[in-house]
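Trainee:
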Amino acid sequence: MERFTEGDRVRVDIPDETDLDHDQYHGLHGTVVKKLRDDADTVTGDEREGLIYRVEFEDGGTADFRWRDLRPPIE
Numbered sequence: 733m734e735r736f737t738e739g740d741r742v743r744v745d746i747p748d749e750t751d752l753d754h755d756q757y758h759g760l761h762g763t764v765v766k767k768l769r770d771d772a773d774t775v776t777g778d779e780r781e782g783l784i785y786r787v788e789f790e791d792g793g794t795a796d797f798r799w800r801d802l803r804p805p806i807e
């Protein structure tokens, strides 16, 4: 199950303030530029875990996120 597709605008939502990525990414908006796959779904049993979304931000930087860290944008 794919929550987002390439070209979708998204918002990073990492509510856990102890997460190492929280300060850097929480609340930022970007665009999904690539979908990557790994085998995390075979470990967790959740097919969503095998998909990684590469997000490009307005400053040109990119970062990779799992489905649970992304939401629709706040417009």
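Residue numbers for the sequence shown follow the numbering used here, so the first one is 733 and each next one is one higher. Using N, Cα and C, we set each Cβ at its ideal position, and we do this for glycine too.
1) With C-beta atoms as the reference, is residue 761 less than 8 Å away from residue 741?
2) How many whole angstroms separate the CB atoms of residue 810 and residue 782, which I take to be in contact at a CB cut-off of 8 Å?
3) Go ahead and label residue 752 buried or exposed: buried means 16 or more other beta carbons lie within 10 angstroms of its beta carbon, across all protein chains shown.
4) Using only the alpha-carbon positions, how far apart do residue 743 and residue 749 sit?
5) What is the DSSP secondary structure of residue 790, counted as helix, strand or coil?
6) Out of 776, 780, 758, which one is the CA nearest neighbour of residue 768?
7) Under the DSSP definition of a beta bridge, which residues are partnered with residue 758?
Mentor: A quick look at the data gives this:
1) Contact flag set, yes.
2) This structure cannot speak to residue 810, because the chain is shown only from 733 to 807.
3) Answer is exposed; the Cβ neighbour count stays below 16.
4) 16 Å
5) coil
6) 780
7) DSSP output for residue 758 lists no bridge partner at all.
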